[in-house]
Structure formats: C-alpha cells, structure tokens
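Participant: Below is one structure. I have some questions about it.
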Amino acid sequence: MKVTEYFEKANGKTLISFEILPPLKGGGMQDIFATLDPLMEFKPPFIDVTYHREEFLYKRRDSGYYEKVAIRKRPGTVGICAAIMHRYGVDAVPHLICGGFTEEDTENALIDLNFLEIKNVLALRGDARAFESKFVPEDGGHHYALDLIKQIQRMNKGKYLDKNIENGVKTDFCIGIAGYPEKHFEAPNMDIDLEYTKMKVDAGADYIVTQMFFNNDAYFNYVDKCRAAGINVPIVPGLKPLTKKYQLASIPRHFFIDLPDTLAREVANAKSAESRRQVGIEWCIEQSKELKAKGAPCLHYYTMGDAATIRKIVEAVY
Ligand code: FAD
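The sequence shown begins at 115 in my numbering and counts up by one.
Take a look at the structure:
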C-alpha cells in the first residue's frame with residue numbers, strides 16, 4: 115500500500131515508522147532483523163531503508179603509490195526491502211538518490227522496485243562525497259531531487275527513456291521527499307528552500323519526511339511555513355535520540371541543526387554513559403508525546419541500529 119494511503123486510513127491517528135541503514139559490507143540480514151524484531155510489535159505500516167552511494171578510498175600499494183578505489187560500504191537497499199516485506203508483511207520504502215545514478219540506472223532501479231511490488235520511494239539528491247566540496251551528479255544523471263521526481267512521474271505515466279517503448283507499463287509509485295525544519299544547509303534562506311520544496315510537490319511528491327530536530331517548535335514552524343507556501347502534503351517528523359557525548363558536536367556538524375541549550379547541557383553534564391542515554395531517551399519521549407498530541411501524521415524514528423533505545427521511547431509513547 116502507498117504511504118499516503120496509510121495516512122488516509124489512519125484517520126488522524128499518529129502512525130509510527132522506522133528507518134534502518136543497510137549493514138556494512140560483510141554484515142548480514144541478521145543485523146537488520148536484530149534491529150527490527152523488537153520493534154515490530156508497535157505495528158509500523160512501513161519501514162524506510164536508506165541508500166548509500168560509493169565513496170573513494172586511497173589504498174597504498176606495495177610500490178608506494180596510492181590507488182583510488184571505489185567502495186560501497188552499505189550496498190543492498192533493494193534486497194533488504196524485499197526481505198523486510200517478506201519477513202514482516204509490511205511495506206518497505208527504499209531511498210533512491212541522484213548521486214551515482216545515470217537516468218538509465220534510475221529507470222532500471224525503478225523497474226526492479228516495480229517488479230517487487232514496492233509502492234513507495236523516498237526521492238533524494240544525496241550528499242556530496244567526502245572528497246568533494248559540492249554535490250556532483252553522475253554524467254547523464256540528475257542534479258536535484260526535483261528531476262528524479264519528474265522521472266518517476268513519467269514512469270507512472272508509462273513513459274520510459276526509450277521513446278520506442280509504446281504502451282509501457284505504468285508504475286504507481288508514491289513519492290516521499292526530504293524536508294528541513296532548520297533549512298537545507300545549501301539553501302540561501304528558508305523561503306528559497308521552501309520554493310524548491312513546493313516545486314517538488316507540484317512535480318508529484320506526495321509527502322515529506324523531515325530531517326531530525328530536537329526542538330519541536332522547529333517542526334511546528336516549518337509546517338506553518340509550508341502551509342503558507344501552499345505545500346499541503348503530509349509532513350512526517352523525523353526523530354532521533356541524542357544519547358552520546360560526541361553527538362553534541364557530530365549532529366550539528368553533519369546535519370546542520372541546533373541542539374537546544376537544556377538538552378546540550380544535560381547531556382554534557384551527565385555523570386555516566388547510561389545517565390546520558392537516559393537524558394536523550396527522556397527528551398525524545400517528550401518530543402514524541404507532544405508531536406503525537408498535536409496530530410503529526412506519523413513519527414518516523416531513525417533507528418541507527420539501536421533497537422533498545424528506540425523501543426524504550428516508543429513504549430512510553432504508544
Ligand atoms: P534537493 O531537493 O535536490 O535540494 C538540495 C539543495 O538544492 C537544497 O539546498 C535546495 O534548496 C536546493 N534546490 C532544490 N531544488 C533546486 C533546483 N531545482 N534548483 C536549484 N536549487 C535547488 N542521503 C543519502 O545519501 N541517502 C539516504 O538514504 C538519505 N536519506 C535521507 C532521508 C531524510 C528523511 C532526509 C531528511 C535526508 C536524507 N538524506 C539521504 C540526505 C539528503 O540526500 C541530503 O540532505 C541532500 O543534501 C539533499 O537532498 P534533497 O533530496 O533534499 O535535495
């Protein structure tokens with residue numbers, strides 16, 4: 115079923131969903147099941163699976179020269195989606211990115227997803243690779259998520275890249291996109307960021323999942339601004355508990371978001387790793403309760419392989 119159909123059927127009730135990362139190369143499905151098994155009793159209608167493009171490493175050869183080697187540390191998104199659907203009977207939402215994909219690669223990926231009867235995708239641009247200062251699209255690939263959405267919508271109308279294909283099978287993908295309550299870091303300002311988000315919705319995006327935030331006002335203000343800008347699709351808050359001291363620096367650095375003063379100080383001053391984790395769990399529980407009480411369509415938890423922490427939060431909220 116489509117994600118948006120779940121929202122419609124829920125009739126105002128706040129749903130729950132989880133996001134998982136494919137395991138590092140060499141890991142198996144057991145890693146994924148170990149994360150999801152303890153969470154499935156909360157009946158998420160869908161599970162998101164992230165996609166990770168290749169990175170380049172420099173490996174020293176015996177000659178002393180360095181060799182540039184492409185590696186994909188976390189392959190397997192499509193296979194994991196199929197395994198999740200098979201094991202749990204819920205929908206899987208693969209993330210699809212522009213980076214590293216030509217338009218033809220994208221078309222082939224969508225054909226595979228359609229054969230697997232996957233009905234949803236989260237359409238994203240992806241980030242610049244570690245050694246690049248800005249996002250560089252693949253030759254013949256998309257520069258922005260907007261262009262990816264347009265390609266998916268063409269396939270939803272049965273239009274393939276090969277113009278000779280007549281009466282092509284019409285896919286029927288429901289399309290999610292990313293939203294940034296504290297603005298995407300490359301956007302000059304929030305209004306311009308929202309103009310692009312509106313273009314994505316006008317092009318056929320069906321719902322938004324937000325970047326994580328730790329201050330609910332950021333989400334509520336973002337929803338208000340979206341509505342004022344004419345963006346009327348469901349906006350799902352993305353949530354992640356902050357449980358470790360190093361995250362006080364790494365979360366703002368990687369995700370370009372602010373940490374509330376109280377949370378940052380409590381985490382910094384916690385006397386032990388366990389009491390720090392407890393601070394993060396309590397904070398996320400309070401965030402979740404308020405978002406639920408104020409009618410968010412779904413709470414989307416970034417699990418990061420930490421089922422025990424997410425379980426504690428969800429148990430307290432549902
Ligand atoms: P876009 O919508 O293309 O926007 C990128 C930037 O360009 C923004 O600043 C925007 O304002 C601007 N812009 C947009 N359209 C245009 C236009 N037409 N012309 C000019 N400027 C424009 N990354 C992964 O690699 N894998 C994942 O699985 C993944 N999952 C994610 C899930 C969620 C819920 C979120 C919030 C992010 C995720 N990301 C993932 C990260 C995401 O790929 C990055 O944040 C990326 O930098 C932007 O992606 P986007 O789809 O928002 O890009």
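Don't be surprised by glycine CBs; every beta carbon is placed ideally from N, CA and C.
For clarity, every value in this text was computed on a predicted model and none was experimentally measured.
(1) Pairing CB atoms from the segment 281-291 with CB atoms from the segment 331-344, are three or more of them under 8 Å?
(2) With which residues is MET326 paired in a DSSP beta bridge?
(3) Considering only the beta carbon of each residue, do LEU129 and ALA421 sit closer than 8 Å?
(4) Tell me whether the segment 169-187 and the segment 220-240 touch, counting them as touching only if at least three CB pairs, one residue from each stretch, are closer than 8 Å.
(5) Reducing DSSP to helix, strand and coil, say where PRO295 ends up.
(6) Is DSSP giving ASN234 helix, strand or coil here?
(7) Does the beta-carbon of ILE427, which I'm using as the reference point, lie nearer than 7 Å to any heavy atom of the ligand FAD?
(8) Using a threshold of 7 Å, is the CB atom of ASP99 nearer than that to any non-hydrogen atom of the ligand FAD?
(9) Of all the beta strand (DSSP E) runs that stay within the bounds of the segment 347-430, which reach a length of 3 or more residues?
(10) Which class does ILE161 belong to by DSSP, given the choice of helix, strand or coil?
(11) By Cβ distance below 6 Å, which residues in the same chain neighbour GLU296 in space, the five residues on each side in sequence not counted?
(12) DSSP on ASP276, reduced to helix/strand/coil?
(13) Check whether the Cβ atoms of ILE349 and GLY290 lie closer than 8 Å to each other.
(14) Could you check where the alpha helix (DSSP H) with ALA124 kicks off and where it finishes?
(15) Report, in whole angstroms, the separation of the C-beta atoms of HIS503 and LYS187, which I expect to be a contact under 8 Å.
(16) Thinking ALA223 and LEU210 are a contact (beta carbons under 8 Å), I'd like their distance in whole angstroms, please.
(17) Consider the C-beta atom of ARG167 and the heavy atoms of the ligand FAD; say whether any pair is separated by less than 7 Å.
(18) Taking all protein chains shown into account, do 16 or more other C-beta atoms lie within 10 angstroms of the C-beta of LYS314, making it buried, or fewer, making it exposed?
(19) Quick check: what's the CA-CA separation for GLY113 versus GLU252?
(20) When burial is assigned at 16 or more other CB atoms within 10 Å of the CB, is ASN234 buried or exposed?
(21) Sorry if obvious, but does the Cβ on ALA332 come closer than 7 Å to a heavy atom of the ligand FAD?
(22) Short of 6 Å in beta carbon distance, which residues of its chain neighbour LYS354, apart from the five on each side in sequence? Order them along the chain.
(23) Could you round the C-beta distance between GLU221 and TYR258 to whole angstroms and report it? I think they count as a contact, below 8 Å.
(24) At a cut-off of 7 Å, is ALA259 close to the ligand FAD when judged by its beta-carbon and the heavy atoms of the ligand?
(25) Taking 7 Å as the cut-off, does the CB of LYS314 come closer than this to any heavy atom belonging to the ligand FAD?
(26) Could you pull the start and end residues of the beta strand (DSSP E) that ARG174 belongs to?
(27) Identify whether ASP205 lies in helix, strand or coil by the three-state DSSP scheme.
(28) Could you say which of ARG243, SER389 and LEU135 lies nearest to GLU169 if we only look at CA atoms?
(29) How long is the line joining the alpha carbons of VAL323 and ALA410, rounded to whole angstroms?
(30) Report, in whole angstroms, the separation of the C-beta atoms of THR423 and THR357, which I expect to be a contact under 8 Å.
(31) How is the beta strand (DSSP E) around ALA184 delimited, first residue to last?
(32) Roughly how far, in whole angstroms, is the beta-carbon of GLY193 from the beta-carbon of GLU217, given that I think they are within contact range, below 8 Å?
(33) Would ALA384 and VAL393 be called neighbours here (beta carbons separated by less than 8 Å)?
Facilitator: Let me lay it out:
(1) No, they do not touch.
(2) For the purposes of this step, residue 326 is taken as the residue at position 212 of the sequence shown. DSSP, once it has assigned bridges, lists GLY352 as partnering MET326.
(3) Position 15 of the sequence shown, counted from the first residue, corresponds to residue 129. Position 307 of the sequence shown, counted from the first residue, corresponds to residue 421. Against a cut-off of 8 Å, the Cβ pair of ALA421 and LEU129 comes out as no contact.
(4) The segment 169-187, when compared against the segment 220-240, does not touch it at the 8 Å Cβ threshold.
(5) Along the sequence shown, read from residue 1 onward, the residue named residue 295 stands at position 181. It is coil, neither helix nor strand.
(6) Mapped onto the sequence shown, residue 234 falls at position 120. In the structure shown, ASN234 sits in a strand (DSSP, three-state: E or B).
(7) Counting from one through the sequence shown, the residue named residue 427 turns up at place 313. The beta carbon of ILE427 sits no closer than 7 Å to any heavy atom of the ligand FAD.
(8) For the chain, the structure presents residues 115 to 432; residue 99 sits outside this window and is missing.
(9) Correct list: 349-353 and 412-416.
(10) What you label residue 161 is simply residue 47 of the sequence shown in a count that begins at 1. The answer is strand: DSSP assigns ILE161 an E or B state.
(11) Your numbering for residue 296 matches position 182 in the sequence shown. Within the same chain, GLU296 has close Cβ partners ALA332 and ILE371.
(12) For the purposes of this step, residue 276 is identified with residue 162 of the sequence shown, where counting begins at 1. In the structure shown, the three-state DSSP call for ASP276 is coil.
(13) Within the sequence shown, residue 349 is the residue found at index 235, counting from 1. Within the sequence shown, residue 290 is the residue found at index 176, counting from 1. Between ILE349 and GLY290, the gap from beta carbon to beta carbon reaches 8 Å or more.
(14) Counted from its first residue, the sequence shown places residue 124 at position 10. From DSSP, the alpha helix (DSSP H) with ALA124 extends over 117-124.
(15) Residue 503 is absent from the structure shown; the chain starts at 115 and stops at 432.
(16) Position 109 of the sequence shown, counted from the start, is the residue given in the question as residue 223. Position 96 of the sequence shown, counted from the start, is the residue given in the question as residue 210. Their Cβ separation, rounded to whole angstroms, is 6 Å, which keeps ALA223 and LEU210 in contact under 8 Å.
(17) Here residue 167 refers to the residue found at position 53 when the sequence shown is read from its first residue. Short note on ARG167: C-beta closer than 7 Å to some heavy atom of the ligand FAD.
(18) Position 200 of the sequence shown, counted from the first residue, corresponds to residue 314. Around the CB of LYS314, 16 or more other CB atoms lie within 10 Å, so the residue is classed as buried.
(19) Any question about residue 113 goes unanswered here, given that the chain covers just 115 to 432.
(20) The sequence position of residue 234 within the sequence shown is 120, counting from 1. It is buried - the Cβ of ASN234 has at least 16 other Cβ atoms within 10 Å.
(21) For the purposes of this step, residue 332 is taken as residue 218 along the sequence shown, with counting starting at 1. No, since every heavy atom of the ligand FAD falls outside the 7 Å radius drawn around the Cβ of ALA332.
(22) The residue you call residue 354 lines up with position 240 of the sequence shown. For LYS354, where only same-chain residues beyond five positions count, the Cβ hits under 6 Å are MET326 and TYR416.
(23) Here residue 221 is taken as the residue at index 107 of the sequence shown, counted from 1. Here residue 258 is taken as the residue at index 144 of the sequence shown, counted from 1. Their Cβ separation, rounded to whole angstroms, is 17 Å, which puts GLU221 and TYR258 out of contact at 8 Å.
(24) For this step, residue 259 is matched to residue 145 along the sequence shown. Taken from the Cβ of ALA259, at least one heavy atom of the ligand FAD lies inside 7 Å.
(25) For the purposes of this step, residue 314 is identified with residue 200 of the sequence shown, where counting begins at 1. Relative to the ligand FAD, the nearest heavy atom lies less than 7 Å away from the CB of LYS314.
(26) Residue 174 sits at position 60 when you count from the first residue of the sequence shown. In the DSSP annotation of this structure, the continuous segment of the beta strand (DSSP E) that includes ARG174 starts and ends at 169-174.
(27) In the sequence shown, the residue the question calls residue 205 occupies position 91. Correct three-state label for ASP205: strand.
(28) Position 55 of the sequence shown, counting from 1, holds the residue named residue 169. Nearest of ARG243, SER389 and LEU135 to GLU169, Cα basis: ARG243.
(29) As a first step, residue 323 must be located in the sequence shown, where it is residue number 209. As a first step, residue 410 must be located in the sequence shown, where it is residue number 296. One C-alpha to the other measures close to 11 Å.
(30) Translated into positions along the sequence shown, residue 423 becomes position 309. Translated into positions along the sequence shown, residue 357 becomes position 243. Cβ atoms of THR423 and THR357 come within 8 Å of each other, at about 6 Å.
(31) On the sequence shown, residue 184 is found 70 positions in, with the first residue counted as 1. Its beta strand (DSSP E) spans residues 180-185.
(32) Against the sequence shown, residue 193 aligns to sequence position 79. Against the sequence shown, residue 217 aligns to sequence position 103. Actually they are not in contact, since the Cβ atoms of GLY193 and GLU217 sit about 23 Å apart, beyond 8 Å.
(33) Here residue 384 is taken as the residue at index 270 of the sequence shown, counted from 1. Here residue 393 is taken as the residue at index 279 of the sequence shown, counted from 1. Against a cut-off of 8 Å, the Cβ pair of VAL393 and ALA384 comes out as a contact.
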